[in-house]
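**Student:**
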Amino acid sequence: MFYHFSKWIKTPKSKDTGVYVFDWRLRLSVTQCMKVCNETKACQFFNYESRPHLCGLIRTDEHSKVEVEQKPGYVYGNKSEWTKNDVSRCNDCDLTGRCNNNDLLSKKNELCRNSGCEAPSSEDFLGNMFSTGSKIKSNCKDGYTKLPIGLTIDHQTCAENGSWGPHACLKTKQYGESYYYLNPAMYTWNKAKAFCESYGGHLMDITTEEKQSLVETLLISAPGFNDRSTWIGGNDIDEEGVWRWSDSSLIKFSKWRDGNPNNWAGEEDCLQISSMIQNFVWNDSGCFNALASICEFQ
Ligand SMILES: [Ca+2]
Ligand SMILES: [Ca+2]
0 MFYHFSKWIK
10 TPKSKDTGVY
20 VFDWRLRLSV
30 TQCMKVCNET
40 KACQFFNYES
50 RPHLCGLIRT
60 DEHSKVEVEQ
70 KPGYVYGNKS
80 EWTKNDVSRC
90 NDCDLTGRCN
100 NNDLLSKKNE
110 LCRNSGCEAP
120 SSEDFLGNMF
130 STGSKIKSNC
140 KDGYTKLPIG
150 LTIDHQTCAE
160 NGSWGPHACL
170 KTKQYGESYY
180 YLNPAMYTWN
190 KAKAFCESYG
200 GHLMDITTEE
210 KQSLVETLLI
220 SAPGFNDRST
230 WIGGNDIDEE
240 GVWRWSDSSL
250 IKFSKWRDGN
260 PNNWAGEEDC
270 LQISSMIQNF
280 VWNDSGCFNA
290 LASICEFQ
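Per numbering that gives the first Met the number 0, the sequence shown runs over residues 0 to 297.
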């Protein structure tokens with residue numbers, strides 16, 4: 000989201016400089032200011048002065064340089080890119096929805112958790128009002144899959160925690176009726192498992208020779224994935240030496256590395272698939288290790 004930033008755009012009074020306020024509006028909320036800018040064709044940005052609730056609609060001449068500066072008490076909006084990816088979120092918000100500890104000196108922009116959602120980058124959508132409770136009619140962009148599978152609702156609602164729901168869009172690969180997501184985030188096995196489950200899936204299970212071939216294809220085709228180990232769903236957490244997949248079925252087909260599973264040091268309960276150079280054989284490993292992972296959605 001773009002407001003609650005202590006930033007503004009430098010707008011010298013002279014129109015010669017090319018960046019200027021062409022309209023002032025009094026006693027608007029920042030949301031109303033955004034709305035007015037959005038509805039006004041000439042408006043490209045706004046500056047909003049929090050204390051007097053003053054909304055300045057800004058336009059620029061072609062090729063003029065926009066200078067964004069830190070300035071306490073101001074917020075700005077850039078109509079062309081409402082989203083800001085470098086924003087962290089704070090929990091400590093004042094009554095007007097601004098972070099109490101906004102650290103202006105470090106130039107760290109913070110956004111109150113309850114102040115709205117960033118534009119969903121993986122979605123095509125209509126509209127651009129992103130305060131809490133806003134609804135957008137949306138669909139996943141090409142190459143992304145709407146998760147959980149089978150959900151028919153086609154709109155998203157902005158939740159207080161700044162995320163959209165009820166569906167999410169992940170960039171997956173489809174094989175047959177299943178979709179696979181290679182998660183590059185280095186997670187413990189439990190965290191990787193929870194990640195997949197939060198999208199209605201599970202860590203990938205390799206129950207057949209064909210699925211072993213598939214996982215090798217997936218890993219080879221994904222840059223950065225074939226030279227390291229990756230979490231999949233197998234584990235013997237419940238009972239040492241009894242290996243099960245995500246749905247608790249027993250592991251029958253297997254491609255264990257020689258001498259494994261060996262429960263090394265007595266603490267290897269999670270299944271990793273090794274790198275291409277190790278021929279993608281399986282190893283039991285400590286669940287606490289941080290690895291990439293593969294989610295499966297059906
Ligand atoms: Ca074990
Ligand atoms: Ca092992």
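Cβ atoms here follow ideal geometry from the backbone N, Cα and C, with glycine treated the same way.
#1: Can you list, in chain order, the residues of its chain whose CB lies under 8 Å from that of glycine 233, leaving out five sequence neighbours each side?
#2: Is glutamine 155 near histidine 166, with beta carbons less than 8 Å apart?
#3: Cβ of aspartate 283 within 7 Å of any heavy atom in ligand 2?
#4: Measure how close the beta-carbons of leucine 202 and tryptophan 230 come, nearest whole angstrom, since I'm counting them as under 8 Å.
#5: With a CB to CB cut of under 7 Å and the five nearest residues on each side skipped, what residues in its chain are close to leucine 104?
#6: Is the distance from the Cβ of tyrosine 47 to the Cβ of valine 65 below 8 Å?
#7: Let me check understanding here. Comparing Cα to Cα, which of Ile57, Gly240, Cys42 lies closest to lysine 9?
#8: Do you know how far the Cα of lysine 170 is from the Cα of serine 274?
#9: By how many angstroms is the C-alpha of isoleucine 148 removed from the C-alpha of glutamate 215?
#10: Name the two residues that bound the continuous beta strand (DSSP E) containing phenylalanine 279.
#11: Tell me the DSSP secondary structure of leucine 27 in three-state form.
#12: Just verifying my parser: in three-state terms, what is the DSSP assignment at glycine 265?
#13: Which stretch, first to last residue, makes up the beta strand (DSSP E) that contains tyrosine 74?
**Tutor:** According to the data block:
#1: Here residue 233 is taken as the residue at index 234 of the sequence shown, counted from 1. Only Asp204, Ile205, Trp242, Arg243, Trp244, Ile250, Cys269, Leu270, Trp281 meet the Cβ criterion.
#2: Within the sequence shown, numbered from 1, the residue matching residue 155 stands at position 156. Within the sequence shown, numbered from 1, the residue matching residue 166 stands at position 167. Against a cut-off of 8 Å, the Cβ pair of histidine 166 and glutamine 155 comes out as a contact.
#3: Walking along the sequence shown from the start, residue 283 turns up at place 284. Under cutoff, so the answer is yes.
#4: Start at 1 with the first residue of the sequence shown, and residue 202 comes out as number 203. Start at 1 with the first residue of the sequence shown, and residue 230 comes out as number 231. Contact holds; Cβ gap of about 6 Å.
#5: One-based indexing of the sequence shown puts residue 104 at position 105. With a pLDDT of 46 at leucine 104, under the threshold of 50, the modelled position of that residue is not reliable, and no figure is offered here.
#6: The residue given as residue 47 occupies position 48 in the sequence shown. The residue given as residue 65 occupies position 66 in the sequence shown. Remark: C-beta atoms of tyrosine 47 and valine 65 do not approach each other more closely than 8 Å.
#7: Here the question's residue 9 lines up with position 10 in the sequence shown. Nearest of Ile57, Gly240, Cys42 to lysine 9, Cα basis: Ile57.
#8: By 1-based counting over the sequence shown, the position of residue 274 is 275. By 1-based counting over the sequence shown, the position of residue 170 is 171. Between serine 274 and lysine 170, the C-alpha separation is close to 22 Å.
#9: Taking the sequence shown and counting its residues from 1, one reaches residue 215 at position 216. Taking the sequence shown and counting its residues from 1, one reaches residue 148 at position 149. Rounded to the nearest angstrom, the two C-alpha atoms are 24 Å apart.
#10: For the purposes of this step, residue 279 is identified with residue 280 of the sequence shown, where counting begins at 1. Segment: none, phenylalanine 279 is in no beta strand (DSSP E) and carries neither H nor E.
#11: Looking up residue 27 in the sequence shown gives position 28. The answer is coil: DSSP assigns leucine 27 none of H, G, I, E or B.
#12: Here residue 265 corresponds to residue number 266 of the sequence shown, with the count starting at 1. Here glycine 265 sits in helix by DSSP.
#13: Counted from its first residue, the sequence shown places residue 74 at position 75. In the sequence on display, residue 74 carries valine and not tyrosine. That run of the beta strand (DSSP E) goes 73-77.
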